[in-house]
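So the protein sequences, as listed, match chains A and B.
Note that numbering that gives the first Met the number 0 has the first sequence beginning at 0, numbered continuously upward.
Note that numbering that gives the first Met the number 0 has the second sequence beginning at 0, numbered continuously upward.
All C-beta atoms, glycine included, are put in the ideal place defined by N, C-alpha and C.
What follows is a short report on a single structure.
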Amino acid sequence: MKAKIHPALVALIIPLAAVAVGGLIVLFGGRSGSSAETFSYDRYIKAPGQLTGNEYSLRAEIDLLLSEADGGRVVSVKCLDGDFGEKLAVFVPNGVGDAIYTGQRYEMSVKIGPKGRVVVNKMKKF
Amino acid sequence: MKQLGNIFAFAVMVCSGASLSAQMPGGVAALPAAQTPPVAAPNPTVNEHNYRAFESKTSENLVDRLFDVNKDSFDLENGTYNWKGKTFNIGNTRVVKARFEKYLSTPVPEQSYKEYKRIMDEISSALSASNDNLDEDVIRYEWKRLFDAAEYDIDGNFCMLIANNVYATWRMRSEYDIFKGREGAQELFKKSEETKLIGRMMLANEVRQATSVRRAIKDPKLSRHSQQSIENATQDVAKASADLLAAKTEKEITGIQSVLRYQSQTLSFLLGRKFIHAQISCAFYRHLFRGRAQELTVGLKEVKDLFPVSDFVPTNDSLENIALEALNDVRGGMSAVEALYSSNQRYNALMRLMETFVLGEYCMEVQMFPFEKKAVLLKIYRELSTIQKLVDNKDYGAIEESVAQMEKLCSDFPSSEILSGVKTAQRVSNMHLMSARQAAIAGDAEGVKRSIEEAAKVWPLNPEIAKLNDEIIGMASGSAKFTEKFDSLYDSGSFRQIVAEAPEYGIVFARDAERAKKLKDIVSKTGQIDMLIAQAAEFVAQKNPYYAWELLESAKKIEPSDPELARAMSNLAPHVADYVKLLSSAAKAEENGNWAEALNLYLAAQKILPASATCRQGIERTAPLYNK
């Protein structure tokens, strides 16, 4: 006996599948391929020590160069995610982001170091 | 105050008068001993202490002002009383004061003053100048009345002196008459001796002319006899002339003695201010002596001093005039006393009585002043003496009480003038003490001493002097206590307590540079903190609590432990809890060396108050250390 698929059903499934694939691409394909959790400014300010060792993704806008430090720069950035506009000081090691200017927006991969240090491992403009 | 000076000057004058024998300057020796007590030297100590009180120029001027009636005045320097151009020596006025007090406290004689006055008036009237060529019997009758007058205590037996003097004059007049008779007899004897001499001389001349020269030569005995007879007669005439001269001299001496004795007594009455007796004495003299005897021969120099007029010829009448004028003045003075007393002006009544007493101490009108009135005036006088002593001692505090007492006794007492003088003296003294206090604060010991001396000079019993002494002693002992307390408070950081007593510490540390600097810093810092707290309060009022907190944070950097600042911050903290919490966490993280955490906390706080200097400074401080 020969199974038959109704052509209308096929016509419905195909667009849905396309939308689903597109959505997945958008969801996972746009974040440098990272699967890290989004940085929560609020949690950091309340207890930075509890976040030590964790890695987060952070979308932020460059605010000011606060200081030149050994091995890198201390830069303040404005968070663009949940805690929008909050300023956060991050350490950008040499070689991670060479040409940084105020107003640039980056998608960063940060790791919370000891004593509340926020170290940028990777950063990519967007 | 000058008025008070007058009072005191007079009182002291009365105090320092010796006897009111009223001797003439330089004429003491000419008067009878009984009437001439020694003249005491003026008491310069009394003058100096009494008259320099209350800025009086001189006591003499003051007394002059008070008693300047026809130039009457007291010369306290020379101890004289000038009355209408006549100067009486009152000498040591202390005795006079005693006599015045005795006068005020002595009851009036009980005998009839009117009867005595009637006798004196009768004598005076009967012997007046209008009754010239008075019958001897009348004079003798009035002389007997003198004994009647002497019976009265008020007379003081001075009428007896006059009576004795008149009697002595009569006795001398009898002697004079005897000597005059003897002189007449001598005159006749002399004339007979002269006649006898002339006869003998004529006889001798006839003998010479009748006989021849030859016979005369042959009988030389006859010639010699005639010559001897003439010589003898000449000697008899010379002796008779000498005897006559002696008789004349004896008669003249008796007359002069009589005049001198009488005039001396009269003059002593006058100079002793026994004017009624001087006047009666003059009246008797007028009828006892005549012609040139009316001119004064005794005490000419003294009387000329009494009358500073050139070409003045003193007579018995001029003495009587002085006596009468003085009596009139005394009567006028006592009338004024009575009138003032009746009108309840008792202080002025006392003044007039004192003035009148000096002149008319022995006059009836003064002596018969009612005792009950004298008793009232004595109370006033004693209160015046008390005030005078208080002024001498410069006890201005007690003077006020005495003046109040005096006002109760006499409503016309010039208390306001006295009290204003007292207030002035007190103020001057207190101003010196203020200078002393300032000098003490400045640590000028010499200045303190000098100012206290000046204050004590003006008002020795000023109670503020003792108080200042206590303060200065307290300063010395309190200085150590203050130093100890300051160190303790400074070590415990209780600067607010130090500031509360900053003026006292400032005085104590005037010479302690180290502590003075600490004190200055504390006061300065506390002032800045107070200013910032005040500004913060203003920001709170303007609904700007974060700026207020920022100011308080600035104040905290000046002095973190200031209790007022802590109170202000605790009050404001609930209103800025989020900001405070971030800053507090940042500070804590910074303290722990968690620089990154601190930096992010400062950044979080800065978002609340972008202009925060605390945040900016925290960021600048922690950013370079972020990676360490």
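Test item: CB-CB of residue i and residue j under 8 angstroms
i	j	result
A604 (chain B)	A585 (chain B)	yes
L608 (chain B)	Y545 (chain B)	yes
L551 (chain B)	M530 (chain B)	no
I497 (chain B)	L467 (chain B)	no
L460 (chain B)	K393 (chain B)	yes
F146 (chain B)	A246 (chain B)	no
I398 (chain B)	I386 (chain B)	yes
L79 (chain A)	A59 (chain A)	yes
V109 (chain A)	Y40 (chain A)	no
G115 (chain A)	N599 (chain B)	yes
I161 (chain B)	H286 (chain B)	no
Status (buried if at least 16 other CB within 10 Å, exposed otherwise) for residue i
i	result
K250 (chain B)	buried
E360 (chain B)	buried
T194 (chain B)	exposed
Q34 (chain B)	Since pLDDT at Q34 (chain B) reaches only 34, below the 50 mark, its modelled position is unreliable, and no value is offered.
H431 (chain B)	buried
D520 (chain B)	exposed
N93 (chain A)	exposed
H276 (chain B)	buried
L15 (chain A)	exposed
Y340 (chain B)	buried
L8 (chain A)	exposed
S419 (chain B)	exposed
S75 (chain A)	buried
N591 (chain B)	exposed
G183 (chain B)	exposed
I321 (chain B)	buried
D486 (chain B)	exposed
Reduced DSSP category for residue i - H, G, I as helix; E, B as strand; rest coil
i	result
A585 (chain B)	helix
Y210 (chain A)	Only positions 0 to 125 of chain A appear in the structure, and residue 210 (chain A) is not among them; the question remains open.
K114 (chain A)	helix
K86 (chain A)	strand
T37 (chain A)	strand
T58 (chain A)	It should be noted that the sequence gives Arg, not Thr, for residue 58 (chain A). Strand at R58 (chain A).
T105 (chain B)	coil
C362 (chain B)	coil
A374 (chain B)	helix
C78 (chain A)	strand
N392 (chain B)	coil
T621 (chain B)	helix
S434 (chain B)	helix
L608 (chain B)	coil
R495 (chain B)	helix
A441 (chain B)	coil
Separation of residue j from residue i, as counted between CA atoms
i	j	result
E205 (chain B)	S173 (chain B)	48 angstroms
G629 (chain B)	L87 (chain A)	As shown, chain B starts at 0 and ends at 627. That puts residue 629 (chain B) outside it, with no answer to give.
F38 (chain A)	A536 (chain B)	40 angstroms
Y105 (chain A)	G84 (chain A)	14 angstroms
L259 (chain B)	L269 (chain B)	15 angstroms
M363 (chain B)	N164 (chain B)	22 angstroms
R117 (chain B)	A148 (chain B)	9 angstroms
Y346 (chain B)	M119 (chain B)	33 angstroms
Q264 (chain B)	Y102 (chain B)	26 angstroms
G70 (chain A)	H574 (chain B)	42 angstroms
A441 (chain B)	I471 (chain B)	12 angstroms
S129 (chain B)	L323 (chain B)	16 angstroms
D490 (chain B)	D511 (chain B)	17 angstroms
C409 (chain B)	F370 (chain B)	18 angstroms
L75 (chain B)	E503 (chain B)	Note that L75 (chain B) scores 48 on pLDDT, short of 50, meaning its location in the model is unreliable; the coordinates nonetheless yield the value given after this. For L75 (chain B) and E503 (chain B), the distance between alpha carbons rounds to 55 angstroms.
E619 (chain B)	L64 (chain A)	11 angstroms
K407 (chain B)	A97 (chain B)	25 angstroms
Q234 (chain B)	I252 (chain B)	27 angstroms
A325 (chain B)	L358 (chain B)	8 angstroms
M405 (chain B)	L383 (chain B)	8 angstroms
Opposing strand residues paired with residue i [DSSP bridges]
i	result
M122 (chain A)	A:M107
P92 (chain A)	A:G71
S66 (chain A)	A:V73
S569 (chain B)	According to DSSP, S569 (chain B) bridges with nothing at all.
C614 (chain B)	Looking at the DSSP assignment, C614 (chain B) forms no beta bridge with any residue, so it has no partner.
T525 (chain B)	DSSP, once it has assigned bridges, lists no residue as partnering T525 (chain B).
R449 (chain B)	R449 (chain B) is not bridged to any residue.
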